[in-house]
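**Student:**
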Amino acid sequence: MRATPLALALALLTLIAAVPGHAQETPRMGGVLKVAAIGEPPTLDIAMSTATQVYEIMWHASESLFTYDRNFSPIPMLAESYTVGDKGLRYTITLRRGVKFHNGKEMTSADVVPSLKRWSQLASVGKVLAKSIEAIEARDPYTVLMHLKQPSGSLIYGLSEPHAAVYPKETIEAAGEGTLKDFIGTGPYRFVEHRADRHIKFVRFNDYSARTDPPNGFGGKKTAYFDEILFLPVSDTAVRLAGVETGEYHHAMFVKQDAYERIKSLPQMQSRIVKPRGWAVAVLNHKAGVMTNKKVRQAMQAALDMEPIAVAGFGFKDFYRLDPGLFFPEQPWHSTVSANLYNQKDKAKARRLLQEAGYARQPVRWMATKEYEFMYKNALVARQQLEEVGFVVDLQVVDWATQNQRQEKAELWDVFSTGFVFSADPALHVALRCTFAGWWCNEEKERMLTELRGEGDPRKRKAIIERVQAIYYEDVGTVKIADYFTLDAARRELRGPFRTAPRMYFWNSWLAK
């Protein structure tokens, strides 16, 4: 495998607190795991969404050719191995034999090729990497060839993301250019049903083709200990927490940080601080509306005081960090380039820029959801600060699924609140994608990213990233607020890893008696 520069302690990105030790405990089969999700997902089709919630649910049923180990280095999952030839222009991927889909069919290259073609056409990461892909073809039932236009340092990282899931060719053909109609994967759990506003149900796949190597990050051997997993939409954070406390749910994510001490004091509960989870951000519309004016974007960036915005969203200093980097301090890609343009809190500069922009008090339509409470609270305080310098802000509160749908329509919004999570490969970070809602397609940035995707030398990659970060702040791609850390709550009888860095999963987890 290609070496990765993530030789830092990325396995420690998740800081686990108040978790009891269960050394040498024998895992137990059976039971129904009930997970309180933050609300209804915008879709169940992983390729169609950048929302973390979608793949954290659906990757219990679907798998990709590769995945990440505990240090976020790519490792084979459905692939057996791969080689690179023709001066980096040909990838030969050997598939595992005997891997069964949930419908009983064996996975072959006849399924992998259309799955990868769909990924390259529809998935955000896939569309980025498609620019360097010449062709994808089957050499034989267990070998896939990927021919590139130029060498890529990012391809295997992209194929390690859950969006590159493999489905039966019949499922791909039935979907056409639209959303998947069936969710038939290869994972340890089989999708059963989605009852809107009730649950998303999975059951153990008894014929799962597990790897034999030890569990490692998201890869290695996966075991489905639960009979069923139910993801239940619970948009109210207080209800999620109360449900875990009473035993209605086994796990809840994004509970209020001020509950941390209480959770630690309760014998039936355990807590986990996910550090870092992501960075809070205001995404700006570069395609239509008032934010297409660069000076208006710069005025917004100049006006904001990030400390009170972060306090409103995350409460305690233990749960946020003010930092200008597009990548976390725990990553080798972290940089403080253009730190002078972050957290400026310069009202006079903001007013001057608005005047220069010719801003005529057009309402800035800002979408936010209360299902991720920090997004709404960040927007509330930011609105107040922006109005103090002359902006008019129309704060529109919607549910999470609606926001994900509306953000794809440029005519409906100017700003929306969200969070960008950890990215193993800097060239694939959602914040930098021209294809992501907001459509920040700065020409110089795009040239730098093309160079970054083809570069394998870590030092050269770091230099390119620093240039990209400088462009980001000068052009105001989005407005970064702060790094944030989140709090999970779980029943004490729930065992297992739950997470590697910010990503959640429940294979290799079980319920103790």
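The numbering used here puts the first residue of the sequence shown at -17, with every later residue one more than the last. Don't be surprised by glycine CBs; every beta carbon is placed ideally from N, CA and C.
What's the call for Glu393, buried or exposed, on a 16-neighbour Cβ count within 10 Å?
**Tutor:** exposed
**Student:** DSSP three-state call for Thr(-14): helix, strand or coil?
**Tutor:** Annotation note: pLDDT 43 at Thr(-14) (below 50); position unreliable, coordinate value reported separately. It is coil, neither helix nor strand.
**Student:** Can you check whether the CB of Gly135 is closer than 8 Å to the CB of Glu437?
**Tutor:** yes
**Student:** Is His42 helix, strand or coil when you go by DSSP?
**Tutor:** coil
**Student:** Here's a check: name, in chain order, each residue in its chain whose Cβ is nearer than 6 Å to the Cβ of Ala(-11), leaving out the five neighbours to either side.
**Tutor:** Here the model assigns Ala(-11) a pLDDT of 41, short of 50, so the residue's position is not dependable and the matter cannot be decided.
**Student:** So is Arg175 buried or exposed if we call it buried at 16+ other beta carbons inside 10 Å?
**Tutor:** Strictly speaking, residue 175 in this sequence is Glu, with Arg absent from that position. Per the 10 Å Cβ criterion, exposed.
**Student:** First and last residue of the alpha helix (DSSP H) that includes Trp101?
**Tutor:** Note, Trp101: alpha helix (DSSP H), Ser91 to Leu104.
**Student:** Is there contact between the region 349 to 363 and the region 291 to 300, where contact requires at least three CB pairs shorter than 8 Å?
**Tutor:** yes
**Student:** Tell me whether Gly478 sits in a helix, a strand or coil according to DSSP, three-state version.
**Tutor:** Taken through DSSP and simplified to helix, strand or coil, Gly478 comes out as coil.
**Student:** Might you give, ordered along the chain, the residues of its own chain that have their beta carbon closer than 8 Å to the beta carbon of Leu266, omitting 5 neighbours on each side?
**Tutor:** Only residues of its own chain outside the window of five on either side were considered, and among them Met273, Arg279, Met282, Asp396, Val397, Gly420, Trp422, Val458, Gly459, Thr460 and Val461 have a CB closer than 8 Å to the CB of Leu266, listed in chain order.
**Student:** Ala188: which of Ala157, Ser55 and Phe208 sits nearest, CA to CA?
**Tutor:** Residue 188 is actually Asn in this sequence, not Ala. The residue with the shortest Cα to Cα distance from Asn188 is Phe208.
**Student:** Helix, strand or coil for Leu457? Go by DSSP, reduced to three states.
**Tutor:** With the sequence shown as reference, residue 457 is identified as Asp, and Leu is not the correct amino acid for it. Of the three classes helix, strand and coil, the one that applies to Asp457 here is helix, per DSSP.
**Student:** Need the endpoints of the beta strand (DSSP E) that Ile20 sits in, please.
**Tutor:** That residue, Ile20, is in no beta strand (DSSP E); it is neither H nor E in DSSP.
**Student:** Buried or exposed: where does Pro215 fall if 16 or more other Cβ atoms within 10 Å of its Cβ makes it buried?
**Tutor:** buried
**Student:** Counting only runs of 4+ residues fully inside the region 427 to 457, write out the alpha helix (DSSP H) ranges in chain order.
**Tutor:** 440 to 457
**Student:** Is the region 479 to 486 touching the region 434 to 448, taking contact as three or more C-beta pairs under 8 Å?
**Tutor:** no
**Student:** Please go through the same chain and pick out, in chain order, the residues whose beta-carbon is closer than 6 Å to the beta-carbon of Ala156, but skip the five residues on each side of it.
**Tutor:** Lys163
**Student:** Can you tell me the Cα-Cα spacing of Gln385 and Met30, whole angstroms?
**Tutor:** 14 Å
**Student:** Among residues of its own chain, excluding the 5 on either side of Ala117, which ones have a beta-carbon nearer than 6 Å to its beta-carbon?
**Tutor:** His129
**Student:** Work out the CA separation of Leu286 and Val346 for me, nearest whole Å.
**Tutor:** For Val346 and Leu286, the distance between alpha carbons rounds to 15 Å.
**Student:** Closer than 7 Å: is that where the CB of Glu159 sits relative to any heavy atom of the ligand GTP?
**Tutor:** The model on display carries no ligand, and the ligand GTP is accordingly not part of it.
**Student:** Assuming Val226 contacts Ala19 (C-beta within less than 8 Å), just tell me the rounded distance between them.
**Tutor:** Not really, about 13 Å apart at Cβ, beyond 8 Å.
**Student:** My understanding is that His56 touches Ile138, with C-beta atoms under 8 Å, so please give their C-beta distance in whole angstroms.
**Tutor:** This sequence places Pro at residue 56; His is not what is there. Yes, Pro56 and Ile138 are in contact; Cβ-Cβ is about 5 Å, under 8 Å.
**Student:** For the beta strand (DSSP E) containing Phe236, list its first residue and its last residue.
**Tutor:** His233 to Val237
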